[in-house]
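The structure under discussion appears below in the form of structure tokens.
4 protein chains.
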Amino acid sequence: MPRSWTHGREDDLAERFREVRALTDALAAPLSDADATVQSMPDASPAKWHLAHVSWFFETFVLRDHVPGYRPFDPHFAYLFNSYYEAEGPRHARPLRGMLTRPTLAEVCAYRRHVDEALMAAMGALPDEARMLVTLGLHHEQQHQELLLTDIQHLLSLNPLEPALFDAPSALPAPVPETLHWIEGREGLVEIGDDGRSGFAFDCEGPRHRTVLHPHALAHRAVTNGEWAGFIEDGGYRTPALWLDEGWAWVRAHDVEAPLYWKRTERGWTRFALDGRRPVNPAAPVTHISFYEADAYARWAGGRLPTEAEWESAAQNVSPVGGTQLDGAYCPRPRAAEGTPALTQMFGDVWEWTGSAYRPHPGFRPAEGAVGEYNGKFMSGQFVLKGGSCATPRGHVRASYRNFFHPHQRWQFTGLRLAKDL
Amino acid sequence: MPRSWTHGREDDLAERFREVRALTDALAAPLSDADATVQSMPDASPAKWHLAHVSWFFETFVLRDHVPGYRPFDPHFAYLFNSYYEAEGPRHARPLRGMLTRPTLAEVCAYRRHVDEALMAAMGALPDEARMLVTLGLHHEQQHQELLLTDIQHLLSLNPLEPALFDAPSALPAPVPETLHWIEGREGLVEIGDDGRSGFAFDCEGPRHRTVLHPHALAHRAVTNGEWAGFIEDGGYRTPALWLDEGWAWVRAHDVEAPLYWKRTERGWTRFALDGRRPVNPAAPVTHISFYEADAYARWAGGRLPTEAEWESAAQNVSPVGGTQLDGAYCPRPRAAEGTPALTQMFGDVWEWTGSAYRPHPGFRPAEGAVGEYNGKFMSGQFVLKGGSCATPRGHVRASYRNFFHPHQRWQFTGLRLAKDL
Amino acid sequence: MPRSWTHGREDDLAERFREVRALTDALAAPLSDADATVQSMPDASPAKWHLAHVSWFFETFVLRDHVPGYRPFDPHFAYLFNSYYEAEGPRHARPLRGMLTRPTLAEVCAYRRHVDEALMAAMGALPDEARMLVTLGLHHEQQHQELLLTDIQHLLSLNPLEPALFDAPSALPAPVPETLHWIEGREGLVEIGDDGRSGFAFDCEGPRHRTVLHPHALAHRAVTNGEWAGFIEDGGYRTPALWLDEGWAWVRAHDVEAPLYWKRTERGWTRFALDGRRPVNPAAPVTHISFYEADAYARWAGGRLPTEAEWESAAQNVSPVGGTQLDGAYCPRPRAAEGTPALTQMFGDVWEWTGSAYRPHPGFRPAEGAVGEYNGKFMSGQFVLKGGSCATPRGHVRASYRNFFHPHQRWQFTGLRLAKDL
Amino acid sequence: MPRSWTHGREDDLAERFREVRALTDALAAPLSDADATVQSMPDASPAKWHLAHVSWFFETFVLRDHVPGYRPFDPHFAYLFNSYYEAEGPRHARPLRGMLTRPTLAEVCAYRRHVDEALMAAMGALPDEARMLVTLGLHHEQQHQELLLTDIQHLLSLNPLEPALFDAPSALPAPVPETLHWIEGREGLVEIGDDGRSGFAFDCEGPRHRTVLHPHALAHRAVTNGEWAGFIEDGGYRTPALWLDEGWAWVRAHDVEAPLYWKRTERGWTRFALDGRRPVNPAAPVTHISFYEADAYARWAGGRLPTEAEWESAAQNVSPVGGTQLDGAYCPRPRAAEGTPALTQMFGDVWEWTGSAYRPHPGFRPAEGAVGEYNGKFMSGQFVLKGGSCATPRGHVRASYRNFFHPHQRWQFTGLRLAKDL
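Top to bottom, those sequences are chains F, X, G and Y. Take the position in the first sequence, starting the count at 1, then add 10; the result is the number in the working numbering. Take the position in the second sequence, starting the count at 1, then add 10; the result is the number in the working numbering. Take the position in the third sequence, starting the count at 1, then add 10; the result is the number in the working numbering. Take the position in the fourth sequence, starting the count at 1, then add 10; the result is the number in the working numbering.
Below, the structure is given as structure tokens:
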């Protein structure tokens, strides 16, 4: 990562646009044409596709719709780089994204510059609606920054050479493992959901609404790799009683024995990340686990996953600019030991699985127009994750933020924090 | 159905045992050995398997564990007829249940009598824990009564001859379609979940807990076949904007154009049920629809699905012994027109999809022992349905009852009731 | 088997019709309605389907086409029981044959009687073309007699109870294993293919034609179970160099370690057959092996599979009414030891895989009309097997007979005889 | 194609080595890193993989085994670039070849130079056995030259942009369609198979052996695109009676309506090739058809496919250095009209499907050592093709050459010539 990037300190949209776009370019800089082209699985997309798709978003919803006389870079790109917007017409099938050896990476970069220049030129004269779409597009691009990293990590992991994309961060002293403390949460009526005060929120984060919390406590930190190794040693992956029925079927169908990217060696567990294969750090938060694994671990540990409301209510008083985020490292780091037990690692480090299905908040209304397909139509079959990860751009996440994945997916930086009933 | 069966009027466990078991036998009476053996799909089970499995439940959890000297009918049956209880050891693979041409239907009936006699002989001396397991077993058997009917209906539907298992009920006058009325629901803090006053509840129905309802209203009746035909005519199955993303993928993958069992003929829509293929009754509740279809319909109609809490709160003041239930007919019937608009068809007729994922109530604890696998381990990937259907034994359902299926499944008697925000 | 049945001694078509039909009924006699209905895999068909399909063949190609005024038993049966005749219109999908719980077994038996009576009544007045179709239909029914047995064996094998359909034959003294002798074959120009002298042949057996044999020898008997056990012990299933590429992929994909129906127990290998699970007889021919296994064994043994021409040329001087055939037992038996080494076990016992792909003989022309779909359209992807098995009706097989299956299929009574170059 | 390359005029192995290797480099020259990396389907391999694999062949079987002190370029490459040689140990799974974004194309080219230099340095001192392996390696590399082109064509065809890799050849005058003439073939005993006089042959081409030809004739030229369009117009793809059973299933499963790469436009049929999408030339040989299609066409045309022996016998008197081969164009061209009817287009243009399964010639023995896995283990499930194509390096093909593919495969330059019985 060439330099720190902090969202929100600038209040000028053009400057934010420049910064977000530059970070994307920086993330893609180490990639070869081939690295940027191959699709490792249907869930993932090629880096080149991410680079182009986020540009298509600006080109379509801002330049085409709000800038008179704009000429698209290439009329075919609408077909190639629409992700899932049915209202925008037919599109290239998702599992075939990796077949696009052309346009080349260099051509996609030229496309990016074309869009950048057109948008920067038009920025001053954009109507408010278009400025809101630019803002949405920037948050959208930040989401793809994280996906770009997790997708390329997945691709490189399938190469027997296990190449490293970045140098390893300088070695950190491994902190002494810390006792887990329980932090009691609020009880009774609370409010969650976007309250309109964070400057930006996706449609699915609102509306603000009341809900009831029952007596509970949250762990003061995330579950660590060392604790996870204990779960493995105790036969966690071989004990059906710990698992949801679908989770157990998933474990058996895929012979799951450890988090994704872990391998057992003679010297202990190792993991693969963008800095290559290295020993697992026992003090760092466990990551690359599915909802099923998180749920089974919690049951083994005598707890449960937090609900979204419990997590969000607790996070409302925590600064979202903490933890390891995208300007730090390419994998979660151990937390610095602290004097007084308090909620830590709520933001950054790892996305925390909650026990809440991703369904609409009461009174939810999708955004108007094609961007209304952004969130609402994915509200089945997925679970909510909260808090961001080491690959989330700093400034992108907040308490009301709702990330969501299917329960078997684990190529994101997913982890967990324990909760329990009181 | 040979005779009416009403649960709950007897307070003698032995009498209830006798009645429930007799109803199962009556339901299976029209089946041939082959009808009772074939498995139409992995989701469904052969009737013979249902007949044996519910007996295995009593044999294992009551007779084996609580009746000294009991000798099992056949030691192989524990392997053949365990459904999914990991704690009870290995078992015959679910998709292969239809390969069991032996034991024959007659042998399975003999197995039932063996268990009946042993349990009736032991009933007087059973300890309380065992009596609770007998009660659980009876409710379990009632669930399989409904599955037996829906599974055999699915099997017969795959036969090009479309044989009828039962005579058609006498023709009913088709009521005039009725305007849909909206009934305003409670707002603010309410209590839902089992309160221990209904005599029996499954573990997942509790604990009783507070939740918040936001301003809303429920339709006073279920959506009808006639209304559904309007959805079809309006292109509902061809309009992606109405569908959840996974729902739209499901529609395209399976070329879904209408509810399961519907066929378009020159004279209009027909449906298949246990009384054969007949014209769709426009005034009857629509049934055999997936969650995806219910959700898309609600969006088309300008509403949404009720949450479980909204539905349950409204149902708490409605008698659960209403509507068409198992002692009536083999498909939902139109409701009798009424003078004053009020909530109707809450119980019986069709299971109503809610918008709530099937997840634990706050503070949920599974039952102790092997029967703890009954509900809790299925709490991912499914949605809650409420209210029972025309194939639910009368007396089996209640406001807190939580049925659950995957969003694509529709061979049960599934329908919907609209809700809307106020 | 209730009585011996020898084909060919009667020259009266009506008498042969009566006998073949009666044997089919006898084979199905031990089956329950469920046994006769379930389909164990797409390759197999339910017994009830076999019983009806062979009747449909007579009803369609003889009664419908050649008997004025014939009224079909049930107009739906043409759809249900056509196997693969495109010229006869649409038909029930093969993998769904097991869904037909109706018509019942009793109804199918009534269908058989209806066809029998109509055909016997019409027999005397049938034109020659129709008499030829009756003859074809009888040979067709004999093929289904064998399939009925192998299909029901496969179905019963999937039942954990492993029920026996027939009593075991009386115990035979296990002969001393015999040295394998090599019998030199003809060399140079030979003639193979149907010569029109056997009274009946399928279209694919002709025309008679010349071919060249190169110096070779055939083993005087089939490979035995004892020899096969040696192949297993020597790591045959774990040595890729012995296998065709597709064979090795098949072994790994299905974890193949032994012939179908074999299980290793503490006391040695057992096999399942229609008389239940019993110890493998080391002197009996090995059976239920795929082409891939036969080919790998031959390579391991330093030989190869015979070509069809080598086998057929050698068999031309051997009586086809030998070996264990359908009037004997339900699995291959050891051969009686003999004084002089000579070709034995050519007919009956096990179908012998040849190294020849099932392709048309030079000058092959399919039969005229719908029955032209009988053989020719299957001439890709399959290998020729020769000689009949313990489940082939005596009198049905001859030197020119061409059986054919895909190289991975092994639920038939398939075995092998070694060949080698000289 | 930068320059003409003619095999065989040099008798110096080093010069031939240099020329073959240079042609491969020239073929890959227009490819980007991404073009060379992506795998379009499991049947195809990335260009980069072809480039490396053929080098691995020389490195392993020549340099490692016969050149003392040779140090491999990268010890991981044996794992990455072994194709299917079980004797050479474990290897990267074929369907994952496209995941190898590293090594880059530049690194693979460096690998090629490393091998080239080591082999050229050692060439003078190689023992005869190693020189034979070099020769084998060159023929092996020529096969991969053809695959490299067909695989990249398939990849580019999946890109909605349909990019052209090469300029179109200069427009050719479309010859007047020519009447099809029948050329009578030899009858009776003939010899086919490698006779050792062509300097090189793969093991599977021998041994030379006698076979019998029955009265027949071959078409004097290949079937043309224009004739194929007639088959389409006549409903060829909708008439089950024309198809083998497996072919018909394949047509329906994949909705096949025309050769691969054909699209119907308002102006008529177009095809995609390495020069982009262009109108179909009615006088050029049809290509990119499966065995199933070839077989169905022949039946429709009243003929059949030639047997391998018929084709090879006829080709023995035809010069194999004719037709459009790799130094010409990237798709088959029309033949120049000729005065006297004679066999033409036997070599080059399109591989011609025969009706012969790919099985061993009588007396076949695989080559010794690991290279014995080259041909023999693929002798099931495939059909023989003869004569080479427009993508076959000139000099590589001969009468006894046996190409082989599965009957559904059609991404090679596959076509057909009619035969008929006399």
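Positions of the beta carbon are idealized from the N, C-alpha and C atoms, including for glycine.
Which residues DSSP lists as bridging residue i, in chain order
i	result
T280 (chain G)	G:K273 and G:P289
G79 (chain Y)	Answer is none; G79 (chain Y) lacks a bridge partner.
K387 (chain F)	BP columns for K387 (chain F) are empty, so no partner.
P295 (chain X)	X:T234
I193 (chain X)	X:L228
N327 (chain F)	Paired residue(s): none; N327 (chain F) is not in a bridge.
A140 (chain F)	Paired residue(s): none; A140 (chain F) is not in a bridge.
Boundaries of the alpha helix (DSSP H) in which residue i is found, first to last residue
i	result
A263 (chain Y)	D255 to H264
F91 (chain Y)	F87 to F91
A132 (chain X)	L115 to A132
A32 (chain G)	L23 to A38
Where residue i sits in the DSSP three-state scheme
i	result
I202 (chain Y)	strand
V394 (chain F)	strand
V222 (chain Y)	strand
W321 (chain Y)	helix
W421 (chain X)	coil
G365 (chain X)	strand
F241 (chain X)	helix
F176 (chain F)	coil
R207 (chain Y)	coil
R404 (chain G)	coil
R314 (chain X)	strand
Among the options, nearest to residue i - alpha-carbon criterion
i	options	result
R141 (chain F)	F:E172, F:V72 and F:A401	F:V72
P269 (chain X)	X:G216, X:V290, X:A263 and X:D255	X:V290
T317 (chain Y)	Y:M133, Y:Y340 and Y:D431	Y:D431
T221 (chain G)	G:Q163, G:E201 and G:W279	G:E201
A283 (chain X)	X:S300, X:G108 and X:C341	X:C341
D45 (chain Y)	Y:E172, Y:A367, Y:M130 and Y:A380	Y:E172
L143 (chain G)	G:E188, G:S167, G:F212 and G:L199	G:F212
E256 (chain Y)	G:Q355, G:W238, G:K387 and G:Y89	G:K387
S366 (chain X)	X:E96, X:M389, X:E139 and X:A232	X:M389
M133 (chain Y)	Y:A24, Y:T334 and Y:W258	Y:A24
Contact with chain G by residue i, beta-carbon distance below 8 Å
i	result
L168 (chain X)	yes
Beta carbon proximity, residue i to chain Y, threshold 8 Å
i	result
R112 (chain F)	yes
D45 (chain F)	yes
Neighbour flag for residue i against chain X, beta carbons, 8 Å
i	result
G118 (chain G)	Reading the sequence as shown, one finds Val at residue 118 (chain G) and not Gly. It does not; no Cβ of chain X falls within 8 Å.
Short CB-CB distance (under 8 Å) between residue i and chain F
i	result
F388 (chain X)	yes
Opening and closing residue of the beta strand (DSSP E) in which residue i lies
i	result
A429 (chain Y)	A429 to D431
Inset, instruction - Give, in chain order, every residue of the segment 213–224 of chain G whose Cβ lies closer than 8 Å to some Cβ of chain C. - result: As a matter of chain content, chain C is missing from the structure shown, whose protein chains are F, X, G and Y.
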